[in-house]
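The structure appears right after this line, and notes come after that.
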Amino acid sequence: MSMLTTAIKDWIGHTEAPITVEVNRREIVKYAIATEQVRPEYLSGDEAPPMFIFGLFRPILPMDRLGPDGLPPPGAMPELPLKRIMAGGTKMTVHRPMRAGDVLTGTRTLTDIFEKEGRQGPLIFLVSTLSVVDATGASVMDETGTRIAR
Numbered sequence: 003m004s005m006l007t008t009a010i011k012d013w014i015g016h017t018e019a020p021i022t023v024e025v026n027r028r029e030i031v032k033y034a035i036a037t038e039q040v041r042p043e044y045l046s047g048d049e050a051p052p053m054f055i056f057g058l059f060r061p062i063l064p065m066d067r068l069g070p071d072g073l074p075p076p077g078a079m080p081e082l083p084l085k086r087i088m089a090g091g092t093k094m095t096v097h098r099p100m101r102a103g104d105v106l107t108g109t110r111t112l113t114d115i116f117e118k119e120g121r122q123g124p125l126i127f128l129v130s131t132l133s134v135v136d137a138t139g140a141s142v143m144d145e146t147g148t149r150i151a152r
């Protein structure tokens, strides 16, 4: 018997409100130092390392609204019968580097929900895509991420 009800499956295609940010040199440099980057273009703040994107399009919330892991609550995700959420992997496609001064818009869409039986019980997989475009609408990066509920 499937745990995925029609109400859960109806979330496929749900898109969160786009978030627009300006990439600035100071934030790139801070990130580069914190993550021990060695490439001069990162340390100078001219170009952002690809992983810079991970926190860029998350809402900034007060501490009392963050989860026990310090992250904002998940956006495009239905209420699930399985409550423990784990990271399941990320695939990034970089179309061009993010640079200081770029105004970028990120839009996250829940693209798939499916279930599998794991060694220790059922698992629900949630796949979302983050599409990032610049001010002209040109693609900068696409990220596909998977979360696993168990």
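Just add 2 to the spot in the sequence shown (first one is 1) and you have the numbering used here. For glycine and all other residues, C-beta sits at the position ideal for the given N, C-alpha and C.
- Between E1 and R98, what straight-line distance do the alpha-carbon atoms span, to the nearest angstrom? Lying before the first or after the last residue shown, residue 1 is absent from the chain, which here runs from 3 to 152.
- Message: On the DSSP bridge list, what partners appear for A50?
- Response: In DSSP, A50 forms a bridge with M100.
- Nearest-angstrom Cα distance between T146 and I35? T146 and I35 have their alpha carbons spaced roughly 26 Å apart.
- At which residues does the alpha helix (DSSP H) containing G57 begin and terminate? Counting along the chain, G57 sits inside the alpha helix (DSSP H) bounded by residues 55-58.
- Within the same chain, show all residues whose beta-carbon is closer than 7 Å to that of R27, passing over the 5 residues directly before and after it, in chain order. Cβ contact annotation for R27 (same chain, cutoff 7 Å, sequence separation greater than five): G47, A102, in chain order.
- Message: What does DSSP give as the partner residue(s) for D144 in the beta ladder?
- Response: Partner(s): T95, S133.
- Task: Given a cut-off of 8 Å, decide if P51 and Q39 are closer than it, judged by their beta-carbon atoms.
- Result: In this structure, Q39 places its C-beta atom within 8 Å of the C-beta atom of P51.
- Based on Cα-Cα distance, which residue from I126, P124, L132, E119 lies nearest to T95? Closest option to T95, Cα to Cα, is L132.
- Decide if I30 is buried, meaning its Cβ has at least 16 other Cβ atoms within 10 Å, or exposed. A buried status is given to I30, since no fewer than 16 other beta-carbon atoms sit within 10 Å of its beta-carbon.
- Message: Buried or exposed for V105, going by 16 or more other Cβ atoms inside 10 Å?
- Response: The residue in question, V105, is exposed, as its Cβ has fewer than 16 Cβ neighbours within 10 Å.
- With which residues is K118 paired in a DSSP beta bridge? Paired residue(s): L125.
- Query: Is the CB-CB distance between L6 and E117 below 8 Å?
  - Reply: Going by C-beta atoms, L6 is nearer than 8 Å to E117.
- Query: I21 bridges to which residues according to DSSP?
  - Reply: For I21, which the question treats as bridged, DSSP gives the partners G108.
- Message: If you reduce the DSSP assignment to three classes, tell me which class I35 lands in.
- Response: Of the three classes helix, strand and coil, the one that applies to I35 here is helix, per DSSP.
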